[in-house]
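Below is one structure, written out as structure tokens; comments come after it.
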Amino acid sequence: MLILTCPYCGVAAEETELAPGYEAHLARFGPGSSDEEFEAYMFARKNPKGVHFERWRHAFGCGKWFLAARDTATLEVFGTYPAQSKEPPAELVEKIKAKRPDWKGFK
Amino acid sequence: MKRYSVFAIAREAMRYHSGWEKAWVSPEPKAKYDVVIVGAGGHGLATAYYLGKNHGIKNIAIIEKGWLGGGNTGRNTTIIRSNYLQDPSAAIYDKALQLYEGLSQDLNYNVMFSPRGVMMLAQTHHEVRGYLRTVHANNLQGVETKWITPEEVKKIVPIMNINGPRYPVLGALYQPRGGTGRHDAVAWGYARACSDMGMHIIQNCEVKGVRSENGTVTGVETTKGFIGCNKLGMVVAGHSGQLAEMAGFRLPIEAVALQAMVSEPIKPALDVVVMANTVHGYMSQSDKGEMVIGGGTDGFNNFTQRGSWHHIEETLRALVETFPMLSRLKMLRQWGGIVDMTGDRSPLISKTPLHNCFINCGWGTGGFKAIPGSGWAMAELVAKGEPGPLAEAFNMWRFKEGQFIDESVAAGVAH
């Protein structure tokens, strides 16, 4: 079972306690975006086979949204961090790079 | 190709079955083909078959990373139905159902299509309204479905508990023409027919890159070297996103795991397919006697072909509630497949930003039932370079234009 540690309340939450929210760090194009930009924001997804950054909600716990780094090919969890982050924290990126030397980094 | 028939069986019986030939040949790839199809699952093989049969294009290679039919074609719960709400979906799924009805004769290969009927239970008032709407829509589309009462449900499925404490059965959407088929045989039958037309099925050959010149595809880099082509069809389900990335574009697709399982074999107890979307489980009994059970997808991206444990528990809980006699049944096997989900839960059969490169994917949790129709529509697209009436609505630009074929509510999660 997938276990993610909630960065807010510190609970190691099992999957049944969490609600998935799919890809993290999607930036909404503000008023005046082109059709292509808005389509990309709404539908185009990275869907990588490997390192992925996702939104999760501690639905049956503290109720807060947070972000998680995970490997979709092995189900390994690299770490979790607050939802307010614009990009993954540097130390988490370093940790992933050490474990996955082929990973091209967060884009 | 020697035809399979009762006379062939008699002849082989007389000579110790020494005369059966291989169903398909496994040649080394040529340097170039008219069309290369990536993915030798049901959809890829059906595409190649109808390219040969309907459009006379036979210089085709079908390349496959693993073994033929070893992906989702061999992992599904074999349900065939066409009771969809939206017109484009009903059209293509019903085309598929019509082709399934004659497929064994067409391919000279027994795909064991069994039109035993498909029943979708309504267990909330919301669901009753939804399915009544689907029945009306189906009647307008020419797809024969009907609404049946709880008493009729009980008559068709005596082992069902229609007065469950949580979700009593309030009726069902019933499609008598729906049913099941033998999933491996569909892949094998198409493969045999493709091979007979001189097409090359190349297994254990993984695509590593897509080569193009001036925006037009020229071939694919594979583990067996470069294979050139005039046209490329990508029909790879779960790994569509990875292949699209090699070709330089992104898809509105996320890959998640969907699980299924079978029980130990028991005597015949269920002769229709029952789907219960509120409690979320669906079940049919195979010819071997196993209960074939499907459940829900995981809510997160996953390429491991195994899903979350708690989904198994949810599915079995739902089925034990609906069929109390199953409570002592042991499960034999459980497995997962990687399904490609689009934003509106409808597939893509589309041209792509790369010229002469076509994609057929996004069938999500319901691809098996569509195989012949999908191959038919994709073959037309590849042969003519433009989509025919079946494929037109399923282009990948519908997300930009907001012209969704929204089956996410209509079809629920269970396909």
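Line by line, the protein sequences are chains X and P.
Take the first sequence: its position 78, counting from 1, is numbered 78 in full-length UniProt numbering, and each next residue is one higher.
Take the second sequence: its position 319, counting from 1, is numbered 319 in full-length UniProt numbering, and each next residue is one higher.
No residue lacks a Cβ here, since even glycine has one placed at the ideal position from N, Cα and C.
- Between M378/P and N360/P, the C-beta spacing is below 7 Å.
- Among the CB atoms of chain P, one or more fall inside 7 Å of the CB of A44/X.
- Contact check between the segment 176-186 of chain P and the segment 101-116 of chain P: three or more CB pairs, one atom from each, fall below 8 Å, which counts as touching.
- Contact check for A393/P against P88/P passes: the beta carbons are separated by less than 7 Å.
- Taking 7 Å as the CB threshold, D102/X stays off the interface with chain P.
- Bounds of the alpha helix (DSSP H) holding M246/P are 240-247.
- With respect to chain P, the C-beta atom of L75/X has a partner C-beta closer than 7 Å.
- Nearest CB-CB separation between W309/P and chain X: below the 7 Å threshold.
- Counting of Cβ neighbours within 10 angstroms places N214/P among the exposed residues, the total staying below 16.
- No residue range can be given for F368/P, since it is assigned to no beta strand (DSSP E) and is classified by DSSP as neither H nor E.
- Counting the other CB atoms within 10 Å of its CB gives K224/P a total below 16, which places it among the exposed residues.
- By the CB criterion at 7 Å, D94/P and V135/P fall outside the cutoff.
- Classified as buried, G52/P has 16 or more neighbouring CB atoms from the shown chains inside 10 Å of its CB.
- Residue contact check for K49/X against chain P: a CB pair falls below 7 Å.
- The three-state secondary structure of M42/X, taken from DSSP, is helix.
- Taken through DSSP and simplified to helix, strand or coil, G171/P comes out as strand.
- DSSP places S5/P in no alpha helix (DSSP H); its state is neither H nor E.
- In this structure, DSSP gives C205/P a state outside helix and strand, which the three-state scheme calls coil.
- Closest in alpha carbon position to T145/P, among A318/P, K154/P, G178/P, is G178/P.
- Against H52/X, the close residues of chain P are F300, N301, in the order they occur along the chain (beta-carbon pairs closer than 9 Å).
- With a cutoff of 7 Å on beta-carbon distance, W65/X and L4/X are scored as not near each other.
- In chain order, E23, K46, A69, R70, D71, T72 place their CB closer than 8 Å to the CB of H52/X, counting only its own chain and leaving out the 5 sequence neighbours on each side.
- The segment 299-310 of chain P and the segment 340-348 of chain P do not touch, with fewer than 3 CB-CB distances between them shorter than 8 Å.
- Boundaries for D102/X: no beta strand (DSSP E) harbours it, and the DSSP string shows neither H nor E there.
- The Cβ atoms of A255/P and V210/P lie no closer than 7 Å to each other.
- No Cβ-Cβ contact shorter than 7 Å links E14/X with G61/X.
- Shown in chain order are the members of the segment 243-267 of chain P whose Cβ falls below 8 Å from a Cβ of chain X: R250, L251, P252, I253, E254, A255.
- By the neighbour-count criterion, in which a residue is buried when 16 or more other Cβ atoms sit within 10 angstroms of its Cβ, S33/X is exposed.
- Partner residues in the beta bridge of E23/X, as assigned by DSSP, are E54/X.
- The segment 313-327 of chain P and the segment 156-169 of chain P touch, with no fewer than 3 CB-CB distances between them shorter than 8 Å.
- For H355/P and T216/P, the gap between their C-alpha atoms comes out near 4 Å.
- Here F29/X is exposed. Its C-beta has fewer than 16 other C-beta atoms within 10 Å.
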